[in-house]
Amino acid sequence: MTLIFSCAAGLIFGIGLIVSGMADPAKVLGFLDIAGRWDPSLALVMGGAILVGLGGFTLARRRTRSLLGLPMMLPLGRSPDRRLVLGSVLFGIGWGLAGICPGPALVLMGAGIAKGWIFGAAMIAGMGIFEVLES
Amino acid sequence: MSIDWLRFTPWPSFAGGLLIGLGACVLILFVGRIAGISGVLGGLLRPISAEIGWRIAFLGGLLVAPILYRVVTTLPDVEIEAGWPVLVAAGLLVGIGTRYGAGCTSGHGVCGLSRLSPRSLAAVCCFMAAGFTTVFVTRHVLGL
Numbered sequence: 001m002t003l004i005f006s007c008a009a010g011l012i013f014g015i016g017l018i019v020s021g022m023a024d025p026a027k028v029l030g031f032l033d034i035a036g037r038w039d040p041s042l043a044l045v046m047g048g049a050i051l052v053g054l055g056g057f058t059l060a061r062r063r064t065r066s067l068l069g070l071p072m073m074l075p076l077g078r079s080p081d082r083r084l085v086l087g088s089v090l091f092g093i094g095w096g097l098a099g100i101c102p103g104p105a106l107v108l109m110g111a112g113i114a115k116g117w118i119f120g121a122a123m124i125a126g127m128g129i130f131e132v133l134e135s
Numbered sequence: 001m002s003i004d005w006l007r008f009t010p011w012p013s014f015a016g017g018l019l020i021g022l023g024a025c026v027l028i029l030f031v032g033r034i035a036g037i038s039g040v041l042g043g044l045l046r047p048i049s050a051e052i053g054w055r056i057a058f059l060g061g062l063l064v065a066p067i068l069y070r071v072v073t074t075l076p077d078v079e080i081e082a083g084w085p086v087l088v089a090a091g092l093l094v095g096i097g098t099r100y101g102a103g104c105t106s107g108h109g110v111c112g113l114s115r116l117s118p119r120s121l122a123a124v125c126c127f128m129a130a131g132f133t134t135v136f137v138t139r140h141v142l143g144l
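Listed in order, the protein sequences are those of chains L and C. Heads up: the first sequence begins at 1 in my numbering, then just goes up one per residue. Heads up: the second sequence begins at 1 in my numbering, then just goes up one per residue.
Set out below in structure tokens:
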């Protein structure tokens with residue numbers, strides 16, 4: 001059951017990325033280009049996602065176990081630190097260069113787009129570099 | 001700033017956003033896990049056996065989404081302007097950055113902001129500011 005619900009969640013999430021335009025790097029860059037001809041669409045993607053998310057996470061916070069009986073793994077409320085800031089800035093630079101973040105990268109790979117695979121391979125390599133530096 | 005009304009797609013973007021939020025809700029409410037793509041994927045590189053299954057199932061769903069979408073209707077066109085050297089550099093930055101920052105647009109942006117987490121709000125401000133600045137520099141300063 002866990003696998004079925006996890007897969008369904010990924011599928012719904014992925015279809016949302018396609019419908020919203022998040023999976024189109026040119027559209028993402030159009031949103032990030034506030035000094036040019038700005039496409040505000042992606043603000044509505046975040047707005048829609050958070051609107052639904054607020055309800056779901058409010059319910060989740062009241063529970064210690066998920067509806068399938070698994071432990072509820074909500075992050076601890078730590079305060080922001082240097083790692084968070086530096087890491088997020090590096091991520092933002094990469095996002096601004098290509099217009100691709102991790103979710104859309106997987107959707108582009110699934111769609112069989114060669115450039116999506118180049119980006120995805122480099123992204124996984126980057127995550128591997130992190131693991132090596134951390135160990 | 002001028003708004004690009006021709007490319008502005010408020011309704012599909014809002015509807016897609018609702019689906020993204022729904023996907024994140026299904027994962028947290030049924031499986032008890034955060035739908036942060038970089039964390040789900042990065043966690044597979046140092047695998048804990050009990051955590052492998054749901055991660056692969058969730059990522060599999062994301063990968064299959066465009067294939068299933070294509071069965072029902074045509075996939076919208078996508079345009080990737082960056083050449084492969086830029087894609088490699090961007091991918092490395094996204095991979096390293098999301099792991100150090102412990103999240104990306106989904107983990108901090110969608111789930112973190114939905115949880116009203118100050119830590120995620122700080123992360124979102126950092127990566128949005130860096131994204132806006134990067135596009136400003138590449139398009140309007142360097143003129144690429």
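Cβ coordinates follow ideal geometry from the N, Cα and C atoms, glycine included. Fair warning: this is a prediction, and the values are worked out from it, not measured in the lab.
- DSSP places SER117/C outside both helix and strand once states are collapsed to three, so it counts as coil.
- In the structure shown, TRP117/L falls within a helical segment according to DSSP collapsed to helix, strand and coil.
- Setting aside the 5 residues that flank it on each side, GLY14/L is surrounded in the same chain by VAL107, each with a C-beta closer than 6 Å to its C-beta; the list follows chain order.
- With 16 or more neighbouring CB atoms inside 10 Å of its own CB, ALA82/C falls in the buried class.
- Membership of GLY95/C in the alpha helix (DSSP H) is indicated by the continuous run 84-100.
- At a cut-off of 9 Å between beta-carbon atoms, ILE20/C makes contact with chain L.
- Distance between ALA105/L and GLY116/L, taken at the CA atoms: about 6 Å.
- Among the residues of chain C, those whose CB is under 9 Å from the CB of ARG83/L are TYR100, GLY101, ALA102, following chain order.
- CYS101/L and GLY95/C have their alpha carbons spaced roughly 9 Å apart.
- What ARG62/L touches in chain C, judged by beta-carbon distance under 7 Å, is nothing: the nearest beta carbon there is about 11 Å away.
- Across the region 29-45 of chain C, CB contacts with chain L closer than 8 Å involve LEU29, PHE30, VAL31, GLY32, ARG33, ILE34, ALA35, ILE37, SER38, LEU41, GLY42, LEU45, in sequence order along the chain.
- For the set VAL89/L, GLY126/L, PHE130/L, GLY128/L, the Cα lying nearest the Cα of CYS126/C is the one of VAL89/L.
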